[in-house]
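Working notes, beginning with the structure itself.
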Amino acid sequence: MLEKLQGYYSVELYSEIEYKRFADKTDNVYAKSLYTKLAEDERRHQGILKDIAAFYHPDWRDILVEVKPSTPIQPEKLTITSEVQEAYHAMKFHLKLEFLAVTEYRKTAQETREPKLRDLWLNLASDEERHHREINSLLQAFEKAYKEIIK
């Protein structure tokens with residue numbers, strides 16, 4: 021379980037950093053607000069994962085703090101020629117990450133016997149589902165607005 025928690029925590033760290041970076045780069049008020057909220061959620065998820073870790077073993081909370089940001093999948097190697105394309109492909113990548121998080125958190129919830137922990141895993145999955153919907157909505161708007169540039 022510790023290894024699983026470390027993996028989840030590293031992705032939450034990675035996502036928080038990336039969402040902050042996206043918020044800083046965009047001038048679009050809606051996108052900036054969304055990315056800022058996503059980054060805040062990822063930070064909150066880190067706290068929940070620390071609480072879950074401490075439930076299993078008191079020392080595990082401290083072990084998670086030492087984890088570095090990473091992702092279980094890598095973005096496609098693409099030739100990016102504009103900031104619009106960069107933003108578009110970053111959104112598509114994070115859509116995949118959010119879907120993966122939903123899947124993993126739900127699977128872990130099903131494997132968890134303790135009701136309180138199961139609820140925490142299901143709440144994390146629910147948040148990630150919402151993130152997926154919000155990013156997908158932004159992606160669709162982006163595709164309409166920039167269809168000629170993102171080809």
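So for the sequence shown, the numbering used here puts the first residue at 21; every next one is plus one. Glycine included, each C-beta is placed from N, C-alpha and C at the ideal position.
For Q105, the secondary structure class from DSSP, reduced to helix, strand or coil, is helix. Two segments are said to touch when three or more pairs of C-beta atoms, one from each, lie closer than 8 Å; by this definition the segment 146-164 does not touch the segment 92-103.
Nearest in C-alpha terms to K57, of all of L69, K70, F42 and G67, is F42.
Put simply, the backbone Cα of W80 is about 23 Å away from that of A59. The three-state secondary structure of Q160, taken from DSSP, is helix. When DSSP states are grouped into helix, strand and coil, P95 belongs to the coil group. A contact between stretches requires three or more CB pairs, one per stretch, nearer than 8 Å, and the segment 125-139 fails this requirement with the segment 96-116.
For a cut-off of 8 Å, the C-beta gap from I68 to L140 is around 6 Å, short enough to register as a contact. Secondary structure at P135: helix, using DSSP grouped into helix, strand and coil.
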